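**Student:** One structure coming up, written as structure tokens, with questions to follow.
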Amino acid sequence: FIKAGEFAVLAGPSGSGKTTVLNIIGALDTATEGAVAVDSVDFNEMKPKQLADFRLRRIGFIFQS
921 FIKAGEFAVL AGPSGSGKTT VLNIIGALDT ATEGAVAVDS VDFNEMKPKQ LADFRLRRIG
981 FIFQS
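Heads up: the sequence shown is residues 921 to 985, going by our numbering.
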């Protein structure tokens, strides 16, 4: 778990799934297996509109080109 004030690094070779993991954590994509929770909110329990609202209010993105 990553606590408030902490940070983590996701590193790996090209094609290892870094972007996929970030898309799933950011609620831009859905996992095919397992569970995903952010701040104790289980994404598997949420409807698409709830995910969109969660993403709008709780998650920020900085995309690279």
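For each residue, glycine too, the CB sits at the ideal point set by N, CA and C. Computed from a predicted model, the values in this text were never measured in an experiment.
Where does residue 973 fall in DSSP's three states?
**Tutor:** For the purposes of this step, residue 973 is identified with residue 53 of the sequence shown, where counting begins at 1. Reduced to three states, the DSSP call for residue 973 is helix.
**Student:** In angstroms with no decimal places, state the Cα-to-Cα distance between residue 967 and residue 943.
**Tutor:** Reading the sequence shown from its first residue, position 47 is the one you call residue 967. Reading the sequence shown from its first residue, position 23 is the one you call residue 943. Those two C-alpha atoms are separated by around 17 Å.
**Student:** Can you say whether residue 947 is buried or exposed, counting buried as having 16 or more other CB atoms within 10 angstroms of its CB?
**Tutor:** Within the sequence shown, residue 947 is the residue found at index 27, counting from 1. Buried is the label assigned to residue 947, since at least 16 other Cβ atoms lie within 10 Å of its Cβ.
**Student:** When you compare only the Cα positions, how much space is there between residue 955 and residue 969?
**Tutor:** To locate residue 955, count along the sequence shown from 1; it is residue 35. To locate residue 969, count along the sequence shown from 1; it is residue 49. Their Cα atoms are separated by approximately 19 Å.
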